[in-house]
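Participant:
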Amino acid sequence: MAETTMEQQSLAGWHKPDLDLSNADWRSSSRGRGDVQIAFVEGFIAMRNSGRPESPSLIFTPAEWGAFMSNAREGEFDLT
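Residue 59 in the UniProt record's numbering sits at position 59 of the sequence shown, and the numbers go up by one each step.
(1) So what does N71 bridge to, in DSSP terms?
(2) Is DSSP giving A46 helix, strand or coil here?
(3) Relative to the C-alpha of P56, which candidate in E64, E42, Q37 has its C-alpha closest?
(4) Please determine, among S29, I45, S28, the residue with the shortest C-alpha to C-alpha distance to L21.
(5) Please determine, among H15, I59, V41, the residue with the shortest C-alpha to C-alpha distance to M47.
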């Protein structure tokens, strides 16, 4: 029960819907590299680990996704 309470508290201010991802059309990288899959659901972008699809998915607004992709293209998340 404490786990549920902590989860609810950590989502305070989340401002994103509880999306039903059970029928999402998950897509992998066109290059087949990495473990990330994305799905476009109800105007949001969901991202998950394909090796652990039961794990929680990250949910992005279109603006957040655009910023994430822009920063990734600029190498912000590259290992150095």
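We put the beta carbon where it would ideally sit given N, CA and C, even for glycine.
Facilitator: Considering the structure as presented:
(1) Looking at the DSSP assignment, N71 forms no beta bridge with any residue, so it has no partner.
(2) strand
(3) Q37
(4) I45
(5) I59
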